[in-house]
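A quick write-up on the structure given underneath.
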Amino acid sequence: MKFFVDTADIAAIQDLASTGLLDGVTTNPSLIAQTGRDFIEVVKEIAELVDGPVSAEVTALTADKMIEEGRYLASLASNIAVKVPLTMDGLKACRALRDGGAMVNVTLCFSSNQALLAAKAGASFISPFLGRLDDVGEDGIALIEDIRQIYDNFGFETEILAASIRSPLHVRDAALAGADVATVPPKVLNQLIHHPLTDKGLDAFLKDWEATGQSILKGK
Ligand code: E4P
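Using the working numbering, the letters of the sequence shown map in sequence onto residues 8 to 227.
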């Protein structure tokens with residue numbers, strides 16, 4: 008499974024990119040607003056930091072305007088994935104942008120029928136929002152399972168991008184459900200590495216090693 012980070016925070020992206028574990032970045036208008044910076048500048052900077060897809064979202068509501076905004080965003084760097092909302096205008100824009108060669112991430116997906124339509128519109132990525140479904144008492148992971156089954160039934164190549172992830176458990180369950188990508192907030196990405204038994208085991212190994220008085224590099 009690929010890992011994208013869900014943030015527009017340049018320092019956090021730099022930090023994660025240096026681990027070699029980062030396959031891409033997703034942003035949205037709320038995440039851009041949190042930076043207090045110019046949208047276009049931030050997107051260009053992010054696109055230089057990572058090789059993989061960087062999602063940048065249109066804010067127009069009509070297909071024509073979305074296409075115009077999307078073409079401009081796609082022209083900023085070759086790894087931009089234009090993000091469009093799951094509306095009829097968004098799907099029209101998705102088809103036109105895909106026909107023009109741009110990557111498109113269809114966002115705000117909350118049902119398997121919406122995901123089916125996005126795949127028919129040629130989406131590169133579909134973003135089902137797990138956390139927001141769980142928030143209203145629905146099952147976000149069940150949605151991923153349904154989309155996986157539908158896409159496999161018909162051979163759709165649209166990648167399932169599990170979004171609105173709130174915990175390490177969401178990441179594990181999205182992987183088990185067959186999501187191609189998880190877009191994860193920096194805090195959750197960092198939580199994935201930790202296990203108390205790893206820390207405890209490492210402490211014990213180092214204590215025993217210290218007692219030997221040896222150094223691996225001493226004879227180098
Ligand atoms: C994905 O592309 C979205 O930016 C994001 O995952 C939304 O997450 P939230 O529901 O935590 O805002």
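Built from N, CA and C at the ideal position, the CB exists for glycine as well.
Values in this document were obtained by computation on a predicted structure and should not be read as measured data.
I believe residue i touches residue j by the beta-carbon criterion, under 8 Å. Please report the beta-carbon distance rounded to the nearest angstrom.
i      : j      : result
GLY147 : ASP141 : 5 Å
LEU68  : ASP96  : 6 Å
LEU123 : ILE157 : 6 Å
ALA15  : ILE39  : 5 Å
LEU29  : ALA54  : Not quite, the Cβ-Cβ distance comes to about 13 Å (not below 8 Å), so this is no contact.
Do residue j and residue i come within 8 Å of each other at the CB atom, strictly closer than that value?
i      : j      : result
SER1   : VAL195 : No information on residue 1 is available, as it lies outside the stretch 8 to 227 that the chain covers here.
THR66  : LEU93  : no
ALA100 : VAL57  : no
ASP13  : VAL191 : yes
GLY27  : GLY59  : no
ILE151 : ALA125 : no
Kindly indicate the opening and closing residues of the alpha helix (DSSP H) around residue i.
i      : result
ILE133 : From DSSP, ILE133 is part of no alpha helix (DSSP H) but of the beta strand (DSSP E) over 132 to 135.
THR42  : 36 to 42
LYS72  : 70 to 83
LEU23  : 17 to 24
PHE121 : For the sequence presented, residue 121 should be read as Gln rather than Phe. Where GLN121 is concerned, the enclosing alpha helix (DSSP H) stretches over 119 to 127.
What are the start and end residues of the beta strand (DSSP E) that includes residue i?
i      : result
GLU145 : Element bounds for GLU145: n/a, residue is neither H nor E.
PHE11  : 9 to 13
VAL111 : 110 to 116
VAL49  : No beta strand (DSSP E) contains VAL49, which is instead part of the alpha helix (DSSP H) from 46 to 56.
With DSSP as the reference, identify every bridge partner of residue i, one or two as the case may be.
i     : result
GLU64 : LYS90
GLY31 : PHE11
What do you reckon, is the C-beta of residue i under 7 Å from a heavy atom of the ligand HEM?
i     : result
GLY59 : Ligands in the displayed structure: the ligand E4P; the ligand HEM is not one of them.
Runs of beta strand (DSSP E) wholly within the segment 162 to 209 (minimum 3 residues, chain order) | 166 to 169, 188 to 191
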